[in-house]
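Asks: Pasting a structure below so you can have a look.
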Amino acid sequence: MMSQRTFLFLQGVASPLFQMLADRLEAAGHRALRINFCTGDGLFWRRPGATDYRGRLDEWPRFLRGFLETHEVSDLILFSDCRPYHQLALAEARRLEVTTHVFEEGYLRPYWITIDQDGTNAHSRLPRTARAYLERAAHCQPPAREIKFSQGIFNRAAWDVANHAANVFLRFRHPHYLRHRPHHPLRELQGWSRRIIRLFVLGERRRDERALADFLGRGRPYFLLPLQLESDYQITRHSRFRGLGQLVEEVMSSFAAHAPDDCHLIVKCHPLDNDLINRRRQTAGLAAQAGLAGRVLFLDGGHLPTLLKGARGMVTCNSTVGTSAFVHHCPVKALGHAIYNFEGLADQQPLDEFWNNPQAADAAVFAAFTTVLRQQCLVHGSFYAHAGLAIAAVEACAKMLGENPNRPEGDKPLKSRDGMSDPSAEP
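Each residue of the sequence shown is one higher than the last, beginning at 1 in our numbering.
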């Protein structure tokens, strides 16, 4: 008879996925509990088993230790291993030998989400050599057919707004709660409003589209620098950079000194940038400082797969756009800690040499890499799209209970399609 396990959910994204997963785990005969840190957490847990934590951060480890022991928790589930409460929780879980399941956005995009044990990204136990992936892939089942669905952009925006509103207007319910994001929600809303006005009222998006069409029509060679988010833990914890400005300055300095004179640099703004720093103005200033006036094109938009297909190479800190570049045979230079930053995938030359001789990923290594990821730490699904949520709940439950949801046979909740994932594909 299967022994009952007790799963404790901590904070997720503003999404009902954790609630749906808890329903499935309980249907399979297990217990599901939850600790809410803020009012927004409670919006996405409309079921029994929730406890509100209203203490201070320094009191949290002792509270959690007692909770884990009292309720005999076997498994801890959370999103992001770098949030302050989660860092402390993972340390307590290791001390008490509680199994951990860390969710993140998918290492492959857009039809996958990550469930890695112990930690994700630079904290992941995934191998960092081509040989290890080739050896592991030889023992993996053939990859499952990929399931495709819309990305739930509207849901993401609406649920984020609801989460922030609850935390702003009902803060008295959790007065000591510390947000993991550096800016107050109202300040972020101000930045987003300003960006939307610039893009769609003042016409910056249309001007960027015309400028890109003209640029591509002239057949000019270029490298691509897709920006990440200033507050992303990939920048703040998994890189040596203090911020995006430092990253862009370093890339431009190297490009000015070592790239071929006929090459240009396209800097693409992240679609979720909150505009608290004007990236267009920052990029123009750094380009002028590096003597690159006329050789740098800034885009707030642009179809990423098209840009990758035409680029001589891409430079990034550690964005998951790197895996999309491999799909399009675009060489990648990663300047931060990334799960793909090893010989055989990302170019290991110094940045100064990359501009003149960029090396594309080895196709066999990339195939092994994706096969291992799908079997070891990915499930189909989405945090926001309704169809993707249903798939993710089924497959995450199966993975946590020791099954392999990415097997090539078996029923799937939606009709599947063959083909390699394009992590940058847009709905």
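Cβ atoms here follow ideal geometry from the backbone N, Cα and C, with glycine treated the same way.
Does the beta-carbon of P110 have 16 or more other beta-carbons within 10 angstroms, so that it is buried, or is it exposed?
Replies: So P110 ends up on the buried side.
Asks: What are the boundary residues of the beta strand (DSSP E) that includes C58?
Replies: First, the residue type needs correcting, since residue 58 is Asp and not Cys in the sequence shown. No beta strand (DSSP E) contains D58, which DSSP labels as neither H nor E.
Asks: From M400 to T99, what does the alpha carbon distance come to, in whole angstroms?
Replies: C-alpha separation (whole angstroms): 10 Å.
Asks: Look at the alpha carbon of V315 and the alpha carbon of V251, and state the distance between them as a whole number of angstroms.
Replies: In a straight line, the C-alpha of V315 is about 8 Å away from that of V251.
Asks: Taking the C-alpha atoms as reference points, what is the distance between L88 and G29?
Replies: Distance between the alpha carbons of L88 and G29: 29 Å.
Asks: Over what stretch of residues does the alpha helix (DSSP H) that includes P185 continue unbroken?
Replies: 185-196 is the span of the alpha helix (DSSP H), which, as asked, contains P185.
Asks: Using the beta-carbon count (16 or more within 10 Å), is S424 buried or exposed?
Replies: Reliability of the predicted coordinates at S424 is poor, the pLDDT of 40 falling under 50, and the value obtained from them is presented with this limitation in mind. Buried.
Asks: With H, G and I counted as helix, E and B as strand and the rest as coil, what does DSSP make of V26?
Replies: Correcting the residue type first, residue 26 is Glu in the shown sequence and not Val. Of the three classes helix, strand and coil, the one that applies to E26 here is helix, per DSSP.
Asks: Helix, strand or coil, according to DSSP, for P358 in the structure here?
Replies: Residue state, collapsed to three classes: coil.
Asks: Measuring straight from C-alpha to C-alpha, what distance separates F7 and F354?
Replies: Cα to Cα, the separation comes out at about 47 Å.
Asks: Give, in chain order, every unbroken run of the alpha helix (DSSP H) that is at least 4 residues long and sits entirely within the stretch 302-329.
Replies: Complete alpha helix (DSSP H) runs here, min 4: 304-310, 321-327.
Asks: Below 6 Å CB to CB, which residues in the same chain sit around C437 once its five sequence neighbours on both sides are set aside?
Replies: Here the chain covers residues 1 to 427 and nothing more, so residue 437 does not appear.
Asks: For G203, count neighbouring Cβ atoms within 10 angstroms of its own Cβ and tell me buried if that reaches 16, exposed if not.
Replies: Exposed: under 16 other Cβ atoms inside 10 Å.
Asks: With distance defined between alpha-carbon atoms, name the residue in V161, G336, R47 nearest to H238.
Replies: Per the Cα distances, G336.
Asks: Return the residue from the list R62, Q348, L299 that minimises the CA-CA distance to D214.
Replies: It is L299 whose Cα lies nearest to the Cα of D214.
Asks: Tell me whether the beta-carbon of W112 lies closer than 8 Å to the beta-carbon of V321.
Replies: Going by C-beta atoms, W112 is not nearer than 8 Å to V321.
Asks: Determine the direct distance from the alpha carbon of R295 to that of E403, and round the result to whole angstroms.
Replies: If you take the alpha carbons of E403 and R295, they lie about 52 Å apart.
Asks: So I339 is in the beta strand (DSSP E); what residue range does that whole segment cover?
Replies: Element bounds for I339: n/a, residue is neither H nor E.
Asks: In this structure, does DSSP put A290 in helix, strand or coil?
Replies: The answer is coil: DSSP assigns A290 none of H, G, I, E or B.
Asks: For the stretch 147-155 and the stretch 47-59, state whether three or more C-beta atom pairs, one from each stretch, are separated by less than 8 Å.
Replies: Taking 8 Å as the limit for Cβ pairs, the verdict is that the stretch 47-59 does not touch the stretch 147-155.
Asks: Given that a residue counts as buried once 16 or more other Cβ atoms are within 10 Å of its Cβ, and exposed if not, what is S3?
Replies: The residue is exposed, with fewer than 16 neighbouring Cβ atoms inside 10 Å.
Asks: At what residues does the beta strand (DSSP E) containing H264 begin and finish?
Replies: Taken as a continuous stretch (DSSP letters only), the beta strand (DSSP E) holding H264 covers 264-268.
Asks: By a C-beta neighbour count over all protein chains shown, 10 Å radius and 16 as the cutoff for buried, is F79 buried or exposed?
Replies: Classification for F79: buried.
Asks: Taking only the alpha-carbon atoms, compute the straight-line gap between V267 and L33 and give it to the nearest angstrom.
Replies: Each residue's Cα considered, the two are about 44 Å apart.
Asks: Roughly how many angstroms separate the alpha carbons of D210 and H101, rounded to a whole number?
Replies: Rather than Asp, the amino acid found at residue 210 in this sequence is Arg. Looking at the two C-alpha atoms, the distance is approximately 45 Å.
Asks: Beta-carbon within less than 6 Å of R195's beta-carbon, same chain only, minus the 5 sequence neighbours each way: which residues are those?
Replies: Cβ neighbours of R195 beyond the five flanking positions: D275.
Asks: Tell me the start and end of each unbroken alpha helix (DSSP H) in the stretch 205-281 that is at least 4 residues and wholly inside, in chain order.
Replies: Counting only runs of 4 or more, we get 233-236, 244-258.
Asks: In whole angstroms, give me the CA-to-CA distance for G191 and R136.
Replies: For G191 and R136, the distance between alpha carbons rounds to 45 Å.
Asks: Start and end of the alpha helix (DSSP H) containing F169?
Replies: Unbroken alpha helix (DSSP H) run through F169: 153-169.
Asks: Expressed to the nearest angstrom, what Euclidean distance is found between the alpha-carbon atoms of R31 and E97?
Replies: Near 18 Å, if we compare the C-alpha coordinates of E97 and R31.
Asks: Which word fits E92, buried or exposed, when buried means at least 16 other C-beta atoms lie within 10 angstroms of its C-beta?
Replies: It is buried - the Cβ of E92 has at least 16 other Cβ atoms within 10 Å.
Asks: Helix, strand or coil for V98? Go by DSSP, reduced to three states.
Replies: Of the three classes helix, strand and coil, the one that applies to V98 here is coil, per DSSP.
Asks: Straight-line CA distance for D75 to V161?
Replies: Spanning the two alpha carbons is a distance of roughly 30 Å.
Asks: Should the stretch 299-313 be regarded as contacting the stretch 327-342, the criterion being three or more beta carbon pairs within less than 8 Å?
Replies: Touching, yes, given that three or more Cβ pairs across the two stretches are closer than 8 Å.
Asks: Between G245 and the rest of its own chain, which residues show a CB-CB distance below 8 Å, the 5 nearest in sequence each way excluded?
Replies: Closer than 8 Å at Cβ, skipping near neighbours: I277, Q282, L286.
Asks: Report yes if the CB atom of L292 is closer than 8 Å to the CB atom of F255, and no otherwise.
Replies: Result yes, Cβ atoms of L292 and F255 sit closer than 8 Å.
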